[in-house]
Structure formats: C-alpha cells, structure tokens
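What follows is one structure encoded as structure tokens, with my remarks underneath.
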Amino acid sequence: MALREILTEPNIKLREKSSAVDKVDKDLQKLMDDMLETMYAAPGIGLAAIQVGVPKRVIVMDIGQKEGQKNPMYFVNPQIITKSKINSIYEEGCLSVPGQFAEIERPDKCHIRFLDYYGQTKEIKAEGMLATCIQHEMDHLEGILFIDYLSKLKKSMIVKKLSKQKRAIERIVV
Ligand code: GNR
Ligand code: NI
C-alpha cells in the first residue's frame, strides 16, 4: 500500500468527469487499497479516485460506526436507484477543500447499486451520514464539489482563500 497525494481546489483535474470501470482487477484493488490508506491518514471518512488524480468511478469510505473498529467500504461504478424526496442538512467538509466547512442539504436517504472490492454487484439503502457521504463522493465523480452548492460569494471567498494558501505553500517549496 502507498499514500497518494490528495489534490486540492482550485485544480481543474477535480472538475473532470470520471469514467466507468470495466473490470475490478488487481490494479484496481491496489488503487482502492492506496485510496483507503490515504483516506485514513488524512484523516477523512470518504475519498473518490479523482481526489488522487485518477478519473475512475471508484469511492472508498469508512464512516466509523463502531469506535476503534475499521469498517472500510468500496464502491465501484455506483448508481443511485432511488433517493428520498425528504432532505436533511449536514455540515460537510472535503479533503480537497481543506479547512472549509458548510451546511449542505441533500436527500436524506438513497438506494445505491455498485460493484464491491471483488467486482460483485451489491446494493445498499443508505441514510443519515452514510447517505450524505455517498452523495458527496458521487458528486466528485461528476466533477462537483460541495462548495458548488453555496452562494457565488461564499464559494468565491473559499476559492480565494485556498488559492492564497496554495501560493504560500509554493513559495516555501521553491
Ligand atoms: O472526510 C470527509 N468528511 C465529510 C464530512 C461530511 C460530509 C462529507 C464528508 S467527505 C470528506 C472526505 C472527502 O472529501 N471525500 O470526498
Ligand atoms: Ni470530498
């Protein structure tokens, strides 16, 4: 396993639409292993492949239901079958939008079909934090970030702040 670099906003790669995976093979499992390790190290509760620069429809998650116990989840080619008309609001953050948080409204429940780590078709009915997180990750596959749901002003303030931070980091590196 290996840690991969997480891309941060602003980065046009994060806006790319990810492509469907045609086969869950050893190489894809290696990618999923690396993504999980990178997510745990960050730390975060979810990660989409595009966040490490790979435009494939792959997501790893661990929303840590039982304390101290790992519960890794892998979603390849996830599809929403149904989502509830009722919404709920959660405070979201994103490893690609470091240090920024905002309340985002999304469908409260969703029913998802996907391939697991072994390429088997699975379905889950998600609600609460799990539903929010899956939808946040599935947005990444379309090149969408949670800040896209904010007002133009709020979003531009966040992007400005992140650009400034990036320039500061570049100066230290160079
Ligand atoms: O670590 C993460 N926490 C989080 C909190 C609320 C809603 C969504 C998330 S996902 C985020 C990790 C991430 O950026 N995944 O793409
Ligand atoms: Ni994210």
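The end of the sequence shown is residue 179 by my numbering, with every number in the run present.
For glycine and all other residues, C-beta sits at the position ideal for the given N, C-alpha and C.
Boundaries (first-last residue) of the alpha helix (DSSP H) holding residue i
i          : result
residue 57 : Careful: residue 57 lies outside any alpha helix (DSSP H) and carries neither H nor E.
For residue j and residue i, believed in contact at Cβ under 8 Å, the rounded distance
i           : j           : result
residue 29  : residue 146 : Not confirmed; about 16 Å, so no contact.
residue 102 : residue 14  : 5 Å
residue 94  : residue 109 : 7 Å
residue 96  : residue 57  : No, residue 96 and residue 57 are not in contact; Cβ-Cβ is about 24 Å, not under 8 Å.
residue 209 : residue 122 : Shown here, the chain extends from 6 to 179; a query on residue 209 therefore has no answer.
residue 6   : residue 38  : 5 Å
residue 5   : residue 54  : The structure shown does not extend to residue 5, since the chain is modelled only from 6 through 179, so no value can be given for it.
Residue i - containing beta strand (DSSP E), residue span
i           : result
residue 34  : Segment 31-46 is the alpha helix (DSSP H) holding residue 34; no beta strand (DSSP E) there.
residue 140 : Premise fails: residue 140 lies in the alpha helix (DSSP H), 133-146, not in any beta strand (DSSP E).
Three-state class that DSSP yields for residue i in the structure shown
i           : result
residue 51  : strand
residue 177 : helix
residue 167 : helix
residue 253 : Any property of residue 253 remains undetermined from this structure, which presents the chain solely from 6 to 179.
residue 19  : helix
residue 122 : coil
residue 161 : helix
residue 152 : helix
residue 9   : coil
Quiz item: What does the shell around ligand 2 hold, if a residue joins when its beta-carbon is under 6 Å from any heavy atom?
Solution: A residue is listed when its beta-carbon falls short of 6 Å from at least one non-hydrogen atom of ligand 2; in chain order these are 99, 100, 101, 141, 145.
Practice problem: Decide yes or no for the touch test of the segment 132-149 against the segment 60-69: beta carbon pairs closer than 8 Å, at least 3 of them. | Solution: The segment 132-149 makes contact with the segment 60-69; the number of CB pairs closer than 8 Å reaches 3 or more.
Self-check item: Cβ contact check for the segment 68-77 and the segment 15-29: 3 or more pairs under 8 Å
Solution: no
Quiz item: Should the segment 151-163 be regarded as contacting the segment 113-132, the criterion being three or more beta carbon pairs within less than 8 Å?
Solution: no
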